[in-house]
Amino acid sequence: MVRKILHFDLDAFYCAVEELRHPELKGTPFAVGGRPESRGVVSSCSYAARQFGIRSAMGMAQAIRLCPELRVLPPDMREYGQVSGQVMGILHSVTPLVEQLSIDEAFLEVTERPEYASELARMVQSQVKERLGLPSSLGVATNKLVAKIATDVGKAAVRTGDYPRAVQVVPPGREAEFLAPLSVDALWGVGPRTRERLAARGILKVSDVLAASAEELEQQFGKLGRDLRRQAQGIDQRPIVTVREAKSISQETTFAQDVADTETLRRALRQQAAQVGARLQRGGLAARTVNLKLRWTDFTTQTRQTTPSQPVDDEEEIYRIALDLLASNRPEGAAVRLIGVGCSGLVPAVKQMSIFDMAADPEALAKEDQLNEAVKALRKRFGADAIRRGSDL
153 MVRKILHFDL DAFYCAVEEL RHPELKGTPF AVGGRPESRG VVSSCSYAAR
203 QFGIRSAMGM AQAIRLCPEL RVLPPDMREY GQVSGQVMGI LHSVTPLVEQ
253 LSIDEAFLEV TERPEYASEL ARMVQSQVKE RLGLPSSLGV ATNKLVAKIA
303 TDVGKAAVRT GDYPRAVQVV PPGREAEFLA PLSVDALWGV GPRTRERLAA
353 RGILKVSDVL AASAEELEQQ FGKLGRDLRR QAQGIDQRPI VTVREAKSIS
403 QETTFAQDVA DTETLRRALR QQAAQVGARL QRGGLAARTV NLKLRWTDFT
453 TQTRQTTPSQ PVDDEEEIYR IALDLLASNR PEGAAVRLIG VGCSGLVPAV
503 KQMSIFDMAA DPEALAKEDQ LNEAVKALRK RFGADAIRRG SDL
């Protein structure tokens, strides 16, 4: 059976959420990110802003030079996390085979559904727009590699100055033909350095990869050479990895510039913990281990972990543990290039009773269980931040 894979990507997600909250922004140049006076960067920018040459990860000061009337909004990661949870809920209503890649991106396998994959793509796009007001683009193909690239190609082909809302379909058997004219850096694993090495050997497009001999590619690039040739043929047999199948769940943030501000790092951890907790609860899982990943300014990476007394699936507990790990492993004022939270040792989530629980009032425990289940149900339906603890207000 030919596989049917959708790659789903929300268009300028942060900006789209802000337009829903502030309709007056629609059609205007604005960006979400840090202030220029604090060396902030553009996290996301509206398509009107992109007409001025502004791009994500650009320094905000440079963005304002390109567009002096640019409006700058601070990121609201709590809101984005909540909306992301609602979006993922819609995707899971289409198929249980959903692999969430980030806050605004996912793969779906719909092979078992009778509809054409292109019909399902437009249905998903329509549901997300009608229920949440968010624009999205999708790539449709027989595997994850080509579906992801199809989304990128579809978005790039739309030049209206508005959200692309693209659906790009690659028919079965046409994968290599679709990829051939693209720049070689469309393939996974080709960053700036590898692209330069390939260009030095006359390999500029995906078709050039196929024209080169397999022996030459392997001799010069090793395993990457073999992988590039396989990709250029449009071959990718990787399965969809759902939360239940994953050995670990993690979220990372790579900053465009080194960050020494503790509050910024805490906000990143908060958003990551919410995403990880929501994915655990959606899969009915809990984690035996919580880890913190830090990449320093010299690009060395440090990972520290701890094992709670009981498996955890609650975002607040994950966040608290991550904060403790940050405090105990980051020298005061030290700048960070990347920060991430991960959970591993995944097991089915089961209520564990401590000796204090056993001594407590059974009726009170029953009410607490009902409350916890209600909270989880709300978060599952409306997103990780649909309901919060009073201590967070």
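To convert, note that position 93 of the sequence shown is 245 in my numbering; the numbers rise steadily by one, no gaps.
Even for Gly, the Cβ is constructed at its ideal location relative to N, Cα and C.
Bounds of the beta strand (DSSP E) holding C197 are 194-197.
Sequence-distant Cβ neighbours of K307 in its own chain, meaning closer than 7 Å and more than five residues away, are S289, P316, A318.
Proximity to Q320 across G354, Q277, C495 peaks at Q277, based on C-alpha coordinates. By the criterion of at least three beta-carbon pairs nearer than 8 Å, the stretch 454-471 is not in contact with the stretch 268-287. A183 is not a Cβ neighbour of V235, given a cutoff of 8 Å.
Looking at the DSSP output, R456 sits in a beta bridge with L444.
Here the alpha carbons of R353 and R347 stand approximately 10 Å from one another. In this structure, DSSP gives Q234 a helical state, which the three-state scheme calls helix. Excluding the 5 residues flanking it on each side, S359 has same chain C-beta neighbours closer than 6 Å at A332, in chain order. Within a 10 Å sphere around the beta-carbon of A213 sit fewer than 16 other beta-carbons, which makes this residue exposed.
Counting every other CB atom within 10 Å of its CB across the protein chains shown gives P324 a total below 16, marking it as exposed. Sorting T312, E257, L297 by C-alpha distance to the C-alpha of F330 places L297 at the top. Counting along the chain, no alpha helix (DSSP H) covers V154, and no H or E run does either. Look at I216 here: in three-state DSSP terms it is helix.
Excluding sequence positions up to five before and after R378, its CB lies within less than 6 Å of the CB of E370, all in the same chain and listed in chain order. Judged by beta-carbon spacing, M153 lies beyond the 8 Å limit of T247, meaning their Cβ atoms are not closer than that value.
Taking the C-beta atoms as reference points, V499 is found nearer than 8 Å to L437. Taking C-beta atoms as the reference points, A487 and A412 count as a pair closer than 8 Å. Per DSSP, the unbroken alpha helix (DSSP H) holding P344 starts and ends at 344-352. Along the length of the stretch 359-385, whole alpha helix (DSSP H) runs at least 4 residues long occupy 366-373, 375-384, reported in chain order. With respect to D161, N295 sits apart: the two C-beta atoms are not nearer than 8 Å. Assignment of T416 by DSSP, reduced to helix, strand and coil, places it in the helix class.
The beta carbon of G192 lies closer than 6 Å to those of G185, G186, M212 in the same chain, with the five residues before and after it left out. In summary, F373 is buried, with 16 or more beta-carbon neighbours lying within 10 Å of its beta-carbon over all protein chains present.
Taking all protein chains in view, the Cβ of R482 is crowded by 16 or more other Cβ atoms within 10 Å, so the residue is classified as buried. Apart from sequence neighbours up to five positions away, the residues of its chain that approach G205 with a beta-carbon distance below 6 Å are L218, ordered along the chain. In the three-state reduction of the DSSP assignment, L162 falls in the strand class, which pools E and B. Taking a 10 Å sphere around the C-beta of Y199, we find 16 or more other C-beta atoms and assign the residue as buried. Straight-line spacing of the CA atoms in M210 and R431 works out to 30 Å. In the three-state reduction of the DSSP assignment, K357 falls in the strand class, which pools E and B. Runs of the alpha helix (DSSP H) spanning 4 or more residues and lying entirely within the stretch 263-332 occur at 269-284, 296-309, 327-331, in chain order. Proximity to K156 across L260, Y166, G237, V250 peaks at L260, based on C-alpha coordinates. At a Cβ-Cβ threshold of 8 Å, T406 and A420 do not count as neighbours. With respect to V280, V239 sits close: the two C-beta atoms are nearer than 8 Å. Comparing alpha carbon positions, the residue from D314, E467, T312, V322 closest to V305 is V322. Membership of R472 in the alpha helix (DSSP H) is indicated by the continuous run 467-481.
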